[in-house]
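Trainee:
Protein chains in written order, with the numbering used here: chain E, 2 to 223; chain V, 257 to 1012.
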């Protein structure tokens, strides 16, 4: 049974609390039990509690599949890019290097690439993926476009990402602040990475209307 | 004789904590469960609904329970991996007796002999020293049925006043403040009321790590326009994106609340009509707050004046609001005052008892709410009745079939109980669901007390750190091996369902208590055949009390997916039998309650809420010249309380293996400490050596250490045994301390596994 067309995966890093419920739940998924396929990392723990969860974005034209010399990576009819096929994967690691989102991983012990398949055993029969079901902040959300529009008026789902000259369209959406998204309905990843980060990389409004990078502890003497 | 029988390490070798892992059927993708059991998580007060996968009397995994309304399938990492506590190599499968000649300090013994020996020792000590020489310690992770039975067992069978519980470390400041202000102790609104409100004030709650499911309510409220104010000495994950962060100095919360209320009064941002009609005591509070102009408030609280003004304006001018607090403001020798300070902010605006406007306290333990209502607290009888109130005593004595004069009076709080042990007044202890050697402050003192006991029996499923001192260990039940009810954070009474049978000689805890009553020769009142029978008696015992459960049945809980108490069997107004639906929201205008009898919505005879002066007092053992930093303690998301369960679950240990000392880079630089380096934290009580975690997300004058580990990794070696004079909660959240770079790694680093 194909995954219902109307159900989508949305990531909102703004909501993420870094609890790792998704990572723990991912290891319970039947296609890769015991192994988590989610990347959840602090951006820079020394300066912020900001974490970003990354699942496979399930590209319309998956770079990982395009660079695979063994044609081991398949995209299902309903748009899910699967882990490498055991019978074909030569564990060369091309996909690991090429994926602009840094998703696939090579498992040396098994000589295979594995990655998030949106809990295909669950999502293909209309269930939510494990991570999005358990996520306590709903930074990972699985549902319809109507639901997300109704529940998240402050942000807009975007699924076009620019990496230099390459623009990638994905099955998974990233929630972007509505004001930014109306101006530019895609995320320019290269430009964002080139931006000079704030001295304090956390957005903290200690003083409303004041600078967002104000140090709330500036007045504390040691 | 309750010194540990052999070296700690020898006990650890045999009894753990060892880490469980996904192996065997739990790793298989082809093994199907025989059934799914709908129940709840065994850990925190959120009490998320979950389905356990069961096969061959083993919990082999979980499936989200998306229909349960509170969490709709959401779980934190503890909930996801909770099933790995079952079939654990450390599980106690027999009773144990202390045996210094055994290589690991304990020898197995037949269950019946262990019961007989425990009863004989209790009898001997009580005959020599009187009934009050024996004490009981319970816990708020137990089902309400068990806590009810424990209270009854202490008073009716052991005839001792000395019973208390680990909620003393958790919920008592909130409880005492609620009772003083509202006449009833519970969160006022269901969490769904948060969504759609204008302002949410989070006072001292690391929501993301301690009550993760609440995060989605918070974020959803923000999506619908709520501004979020977070008051915390650390920039927690929820504080990171809040609209206003109040970086309060540890132990200064009451000053902040007074300063904010002062500004609200000054600007007329209060609801005079509500105050006039529905409250008493405002003028005295206003006079006290007048002593807190913004400059003084800022100086004392450590919060910049402009932030205090902004908080007052947002809170004062909102049309709807929600305030909730947790241990951050409650774990103080001023904990009740702090909680009263928040309540004053709520009452002054009149924003309570309405949809989208309320007040709540986030309970810490599974049954943090239900576990404090039905009689394991030293001063209390079922239904939130008062053990010193003659009318209450007569009612409960009647239910229990004893003479009121035979019912003991109030006992003492859990910490005072240890002081009584120290003074030799209490000679024997029976404990369940409590690990004071890790969880009480200044725990070197607690250890000395345990060593002074003449006899100590512990009921537990794993050998916890405290139970290592026991003469007898009785093998109790895991959460999934019994049924019963608990009351979660919103005050929804829910049903825990049994998934598997107890393994080996382990028994359901209520059976162990009853077996003891029988062996003591006083079986009357302890002949229940099931938790349901206990619950049915509890319904009667709570009837007419403030926490009235009389209209609740197991079937009704399942049908309604939880019932908010009070839930009456007879209409409080007419006395006619009623199929009462429960009370999701308290204090609605025009509502009737059995105390006020229609005079008003609050639970006092005049129906009015009470303003209480919430006085700021500096912490006991505050930072000083010799110990210039503030030490504060708390949780991490993957661990729970003293770690008896979570330090045995491999994936949770791996997520955050060992405690670290969180400190600001400016502080670290002053002492030449790099991230990850061994650092000594020291107070007059002791010193511990842990690795540093250098982050800008904490006040530079404060260090934070999570408290889930024992022995040389336990920050409760450092904390002070100062208690709130009313609630007796310990002051875990602040004391003076100092740090230095360690000259060498601690000895334990090469000996102990991270979870040990």
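C-beta atoms are modelled at their ideal positions from N, C-alpha and C, and glycine is treated no differently.
1) How many Å lie between residue 150 of chain E and residue 477 of chain V at the Cα?
2) Do the segment 951-964 of chain V and the segment 664-676 of chain V make contact, defined as three or more Cβ pairs closer than 8 Å?
3) Look at residue 959 of chain V and residue 1008 of chain V and say whether their C-beta atoms are less than 7 Å apart.
4) Mind checking whether residue 526 of chain V and residue 574 of chain V have CB atoms under 7 Å apart?
5) Counting along the chain, where does the alpha helix (DSSP H) carrying residue 521 of chain V start and finish?
6) Would you mind sorting residue 112 of chain E into buried or exposed? The rule is 16 or more other CB atoms within 10 Å of its CB.
7) Where residue 394 of chain V and residue 723 of chain V are concerned, what is the direct C-alpha to C-alpha distance, given to the nearest angstrom?
8) Residue 110 of chain E versus chain V: which residues are under 8 Å apart at the beta carbon?
9) Kindly give me the distance between the Cβ atoms of residue 481 of chain V and residue 454 of chain V, rounded to whole angstroms, as I take these residues to be in contact under 8 Å.
10) Is there a Cβ of chain V sitting closer than 7 Å to that of residue 183 of chain E, yes or no?
11) Count the CB pairs spanning the segment 42-57 of chain E and the segment 142-157 of chain E that are closer than 8 Å, and state whether there are at least three.
12) Ignoring anything shorter than 3 residues or poking outside the segment 713-757 of chain V, list the beta strand (DSSP E) runs there in chain order.
13) Decide if residue 7 of chain E is buried, meaning its Cβ has at least 16 other Cβ atoms within 10 Å, or exposed.
14) Tell me the rounded alpha-carbon separation between residue 286 of chain V and residue 80 of chain E.
15) Quick one: list the residues of chain V neighbouring residue 132 of chain E, beta-carbon separation under 8 Å, in chain order.
16) Contact defined as beta carbons within less than 8 Å: I believe residue 970 of chain V pairs with residue 694 of chain V. What is the distance between those atoms, to the nearest angstrom?
17) Under the three-state reduction of DSSP, which class applies to residue 160 of chain E: helix, strand or coil?
18) Please list the segments of the beta strand (DSSP E) lying wholly inside the segment 672-702 of chain V, counting only runs of 3 or more residues, in order along the chain.
19) Could you work out which residues of chain E lie near residue 520 of chain V, taking near to mean beta carbons separated by less than 8 Å?
20) Would you say residue 475 of chain V lies against chain E (beta-carbon separation less than 7 Å)?
21) Restricting to Cα atoms, I'd like to know which of V:779, V:587, V:797, V:838 is closest to residue 808 of chain V.
22) Is any beta-carbon of chain E found at less than 7 Å from that of residue 269 of chain V?
23) Any heavy atom of the ligand FMN closer than 6 Å to the CB of residue 694 of chain V?
24) Please report how far the alpha carbon of residue 826 of chain V lies from the alpha carbon of residue 387 of chain V, in whole angstroms.
25) Among residues of its own chain, excluding the 5 on either side of residue 139 of chain E, which ones have a beta-carbon nearer than 7 Å to its beta-carbon?
26) Quick check: what's the CA-CA separation for residue 421 of chain V versus residue 551 of chain V?
27) Going by DSSP, what residue range makes up the alpha helix (DSSP H) through residue 66 of chain E?
28) Going straight from the alpha carbon of residue 258 of chain V to that of residue 564 of chain V, what length do you get?
29) Locate the beta strand (DSSP E) running through residue 993 of chain V, then write down its first and last residues.
30) I want to see whether chain E comes within less than 7 Å of residue 332 of chain V, judged by CB atoms only; does it?
31) How long is the line joining the alpha carbons of residue 978 of chain V and residue 595 of chain V, rounded to whole angstroms?
32) Just how far apart, CA to CA, sit residue 316 of chain V and residue 623 of chain V?
33) Name the residue from V:438, V:342, V:975, V:597 whose alpha carbon lies nearest to the alpha carbon of residue 852 of chain V.
34) Decide if residue 709 of chain V is buried, meaning its Cβ has at least 16 other Cβ atoms within 10 Å, or exposed.
35) Let me know if residue 835 of chain V comes out buried or exposed under the rule of 16 or more other beta-carbons within 10 Å of its beta-carbon.
36) Along the segment 541-565 of chain V, where does the CB come closer than 8 Å to a CB of chain E? Name the residues.
Mentor: Working from what's here:
1) Numbered from 1 along the first chain, position 149 holds the residue referred to as residue 150 of chain E. Numbered from 1 along the second chain, position 221 holds the residue referred to as residue 477 of chain V. Each residue's Cα considered, the two are about 15 Å apart.
2) The segment 951-964 of chain V vs the segment 664-676 of chain V: no contact.
3) Your numbering for residue 959 of chain V matches position 703 in the second chain. Your numbering for residue 1008 of chain V matches position 752 in the second chain. No, the pair does not count as a contact, with Cβ atoms beyond the cut-off.
4) In the second chain, the residue the question calls residue 526 of chain V occupies position 270. In the second chain, the residue the question calls residue 574 of chain V occupies position 318. One thing to note: residue 526 of chain V has its Cβ no nearer than 7 Å to the Cβ of residue 574 of chain V.
5) Stepping through the second chain from its first residue, residue 521 of chain V is reached at position 265. Following the DSSP letters along the chain, one finds residue 521 of chain V inside the alpha helix (DSSP H) bounded by residues 509-522.
6) Taking the first residue of the first chain as 1, we reach residue 112 of chain E at position 111. The residue is exposed, with fewer than 16 neighbouring Cβ atoms inside 10 Å.
7) The residue given as residue 394 of chain V occupies position 138 in the second chain. The residue given as residue 723 of chain V occupies position 467 in the second chain. Those two C-alpha atoms are separated by around 13 Å.
8) Translated into the one-based positions of the first chain, residue 110 of chain E becomes position 109. Within 8 Å Cβ-Cβ: nothing; residue 110 of chain E doesn't reach chain V, min ~15 Å.
9) Your numbering for residue 481 of chain V matches position 225 in the second chain. Your numbering for residue 454 of chain V matches position 198 in the second chain. Contact holds; Cβ gap of about 7 Å.
10) Residue mapping note: residue 183 of chain E aligns to position 182 of the first chain, counting from 1. Chain V has no Cβ within less than 7 Å of the Cβ of residue 183 of chain E.
11) no
12) Correct list: 728-731, 740-743, 748-752.
13) The residue given as residue 7 of chain E occupies position 6 in the first chain. Looking at its Cβ environment, which holds fewer than 16 other Cβ atoms inside 10 Å, residue 7 of chain E is exposed.
14) Within the second chain, numbered from 1, the residue matching residue 286 of chain V stands at position 30. Within the first chain, numbered from 1, the residue matching residue 80 of chain E stands at position 79. For residue 286 of chain V and residue 80 of chain E, the gap between their C-alpha atoms comes out near 26 Å.
15) On the first chain, position 131 is the one that residue 132 of chain E refers to. Ordered by position in chain V, no residue passes the 8 Å Cβ test against residue 132 of chain E, which lies about 10 Å from the chain.
16) Position 714 of the second chain, counted from the start, is the residue given in the question as residue 970 of chain V. Position 438 of the second chain, counted from the start, is the residue given in the question as residue 694 of chain V. Between residue 694 of chain V and residue 970 of chain V the Cβ distance is about 6 Å, and since that is below 8 Å, they are a contact.
17) Taking the first chain and counting its residues from 1, one reaches residue 160 of chain E at position 159. Three-state DSSP puts residue 160 of chain E in a strand.
18) 684-688
19) Sequence index remark: in the second chain, residue 520 of chain V carries index 264 (1-based). For the C-beta of residue 520 of chain V, not a single chain E residue is nearer than 8 Å; the gap to the nearest is close to 17 Å.
20) Locating residue 475 of chain V in the second chain gives position 219, where the first residue counts as 1. Closer than 7 Å to some Cβ of chain E, the Cβ of residue 475 of chain V qualifies, so yes.
21) Position 552 of the second chain, counted from the first residue, corresponds to residue 808 of chain V. The shortest C-alpha separation from residue 808 of chain V is found at V:838.
22) Reading the second chain from its first residue, position 13 is the one you call residue 269 of chain V. Taking Cβ atoms only, chain E never reaches closer than 7 Å to residue 269 of chain V, which makes this a no.
23) Looking for the ligand FMN in the displayed structure turns up nothing, as the structure carries no ligands at all.
24) Locating residue 826 of chain V in the second chain gives position 570, counting from the first residue. Locating residue 387 of chain V in the second chain gives position 131, counting from the first residue. Roughly 38 Å between the two C-alpha positions.
25) In the first chain, the residue the question calls residue 139 of chain E occupies position 138. Only 16 meet the Cβ criterion.
26) In the second chain, residue 421 of chain V corresponds to position 165, counting from 1. In the second chain, residue 551 of chain V corresponds to position 295, counting from 1. Straight-line Cα distance between these residues: approximately 41 Å.
27) Numbered from 1 along the first chain, position 65 holds the residue referred to as residue 66 of chain E. It spans 64-67 - the alpha helix (DSSP H) in which residue 66 of chain E sits, taken as one unbroken run.
28) For the purposes of this step, residue 258 of chain V is identified with residue 2 of the second chain, where counting begins at 1. For the purposes of this step, residue 564 of chain V is identified with residue 308 of the second chain, where counting begins at 1. Distance between the alpha carbons of residue 258 of chain V and residue 564 of chain V: 52 Å.
29) Along the second chain, one-based indexing puts residue 993 of chain V at 737. Residues 992-997.
30) For the purposes of this step, residue 332 of chain V is taken as residue 76 along the second chain, with counting starting at 1. Yes, because at least one Cβ of chain E sits closer than 7 Å to the Cβ of residue 332 of chain V.
31) Position 722 of the second chain, counted from the start, is the residue given in the question as residue 978 of chain V. Position 339 of the second chain, counted from the start, is the residue given in the question as residue 595 of chain V. Spanning the two alpha carbons is a distance of roughly 17 Å.
32) Taking the second chain and counting its residues from 1, the one referred to as residue 316 of chain V is at position 60. Taking the second chain and counting its residues from 1, the one referred to as residue 623 of chain V is at position 367. Rounded to the nearest angstrom, the two C-alpha atoms are 25 Å apart.
33) Sequence index remark: in the second chain, residue 852 of chain V carries index 596 (1-based). Of the listed residues, the one whose Cα sits closest to residue 852 of chain V is V:438.
34) Your numbering for residue 709 of chain V matches position 453 in the second chain. Classification for residue 709 of chain V: buried.
35) Taking the second chain and counting its residues from 1, one reaches residue 835 of chain V at position 579. Its Cβ having fewer than 16 others within 10 Å, residue 835 of chain V is exposed.
36) Correct list: 558, 560, 562, 563.
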